[in-house]
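The opening residue of the sequence shown carries number 212 in my numbering; numbering runs sequentially from there. The structure under discussion appears below in the form of structure tokens.
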Amino acid sequence: MPKRICAIVLDPSEKKIVVGDKFGDVYCLPLHPSKDYVRPKPAAQAFQPSATELTVHTKGNLEALRQQREQKNISPRKEGLEFEHRLLLGHVSLLTDVLIATAVIEQREGAFTITSDRDEHIRVSRYPQGHVIQGYCLGHSDFVSQLCIPGWSPEHLISGGGEPSVKVFDWQKGLLLSEENFEGDEVKAAVTKALASNKDDRSLDKLAISGIWAIGTESTTTAIEDRKTGLILAAFEGLPLLVSFTLGADGRLDLHQIIETSSNVLDVVRIAEGDLIIISLDTAHEKAATKSLKAESGNESVSLEAFELTSAENGGTVWRLAGIAERLNTSITGIEDRPVAWGAAMMDQRNARSSYSTLGEFLYGLENLRKKRGQAAEDGEAEADQEAEGDA
């Protein structure tokens, strides 16, 4: 790809992949490329000067015009990608996430490309006719970092941003249904407690949502009573917290539980056909830090934690630590072979003005999307140019 990839999804046919890059372009590629594909050669264009004898009159200019007409064809245009692809759409801002959704609109079933960018936009375009914009989902006041559509509630779009906030849209109508700005006492207390232990001087207004996961209730267990609702998990970048919400049929978000982990949350996966989730943790940085690295003894930190959704005494559900995590961490012991002095080396390489360590730039990076006060929107394009030069 010509630019750094930020999102990859399968299209409804599961025969093509849709790829979004940081520069704002979205491409469609075959999942299994044809061996017979031959890249078309750009057609050579004959050089045609814009001037004529009617626009130039002096002897020198007429001689220059004659020489221009005698020139051969101009050099061929720069060749594009060497593999089969199709450009679907583009944003003028840095792209952050891409989704493909299907819906019946105006009695016609179709697929749609949902894209988000640094400039608070969420755009809904037809797929694969990306030039046809179906609508927008607006409401964020900072960059949009994550998109998610629950499998049990395909009309709802869950988005996370840099305010930080989690919002629920009816993406087919472009309506904002509910939002969570983390101003409640319970969530704010948990975040404040986590930030109190960090050495990087971070604050709540400088956090961003780094991950959103939909946990459906279609499992065969009896732990969940209401089969028409599900849970939404949201993670803050560089925090040892996972916030669990219930998502109602009307799109309303309600706090379900705050899950505290031993290290910063990186990713979450759900074990198929079960109410068990595995959480990948950052074993390199201090808790609630994206810049301060652990001492060498940090190698003993667990890489994975597991939680299971079980019945609570009050009749609801609750996430509880699952024993499978210990077996998982034992099985992966020794896979990572880090040098003994890795911590000191990474600390020496970090930029004092950056929000991240050198490793943190790889694991995190959302803070780089945040605009500084007085920064114009077009600065995103300048940042993309710098990133493109780095990729080159």
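Glycine included, each C-beta is placed from N, C-alpha and C at the ideal position. Predicted, not measured: the structure shown is a model, and the values here were computed from it.
If you check the CB distance, Lys378 and Gly350 come in under 7 Å. Under the three-state reduction of DSSP, Val377 is assigned to strand.
Going by C-alpha positions, Val303 is about 18 Å away from Leu310. By a beta-carbon distance limit of 8 Å, Ala446 does not contact Asp308. Their separation comes to about 14 Å. Taking a contact to require three or more Cβ pairs closer than 8 Å, the segment 262-276 and the segment 331-344 do not qualify as touching.
Within a 10 Å sphere around the beta-carbon of Ser376 sit 16 or more other beta-carbons, which makes this residue buried. Shown here, Thr528 sits in a strand according to DSSP, grouped into three states.
Residue pairing by DSSP leaves Trp382 without any beta bridge partner.
Within the segment 349-377, the beta strand (DSSP E) runs of at least 3 residues that lie entirely inside it are, in chain order, 355-359 and 367-372. Setting aside the 5 residues that flank it on each side, Val480 is surrounded in the same chain by Ile489, each with a C-beta closer than 6 Å to its C-beta; the list follows chain order. In the DSSP annotation of this structure, the continuous segment of the alpha helix (DSSP H) that includes Asp396 starts and ends at Asp396 to Ala407. If you keep only unbroken beta strand (DSSP E) runs of at least 3 residues inside the segment 301-348, you get 306-316, 319-328, 333-338 and 344-347. The DSSP-derived three-state label of Asp416 is helix. Under DSSP, Phe456 takes part in a beta bridge, and its partners are Ile443 and Leu466.
Exposure of Lys404 is indicated by the presence of fewer than 16 other C-beta atoms within 10 angstroms of its C-beta. Nearest neighbour of Gly301 by Cα position, chosen from Ala322, Arg334, Leu292 and Val454, turns out to be Arg334. Just so you know, the alpha carbons of Ala533 and Thr457 end up roughly 21 Å apart.
Exposed is the label assigned to Asn525, since fewer than 16 other Cβ atoms lie within 10 Å of its Cβ. Classified as buried, Pro361 has 16 or more neighbouring CB atoms from the shown chains inside 10 Å of its CB. Assignment of beta-bridge partners to Ile543 by DSSP yields no partner. Cβ contact annotation for Ala262 (same chain, cutoff 7 Å, sequence separation greater than five): Leu276, in chain order. Its Cα nearest to that of Gln278, the residue Pro260 stands out among Ser408, Phe294 and Pro260. Between Ile423 and Gly371, the gap from beta carbon to beta carbon is short of 7 Å. Every beta strand (DSSP E) stretch that sits fully inside the segment 212-257 and reaches 3 residues is listed by chain position as 216-221, 227-232 and 236-241. Residues of the same chain with a CB within less than 6 Å of the CB of Leu453, apart from the 5 flanking positions on each side, are Leu444, Ala446, Ile470 and Val476 in chain order. In the structure shown, the three-state DSSP call for Leu492 is strand. Short of 6 Å from the beta carbon of Pro241, and not among the five residues preceding or following it, lie these beta carbons of its own chain, in chain order: Lys227 and Glu295. Leaving aside the five residues that flank Leu450 on each side, the residues in its chain whose CB is nearer than 8 Å to its CB run, in chain order, Val402, Ala405, Leu406, Leu418, Asn475, Val476 and Ala499. In the DSSP annotation of this structure, Glu519 is not part of any alpha helix (DSSP H); the continuous beta strand (DSSP E) holding it starts and ends at Leu515 to Ser522.
Assignment of beta-bridge partners to Glu391 by DSSP yields Val377.
Collapsing the DSSP output to three states places Glu471 in a strand. Straight-line spacing of the CA atoms in His332 and Phe354 works out to 8 Å. With a beta-carbon spacing of about 7 Å, Leu305 and Leu580 fall inside the 8 Å limit used to define contacts.
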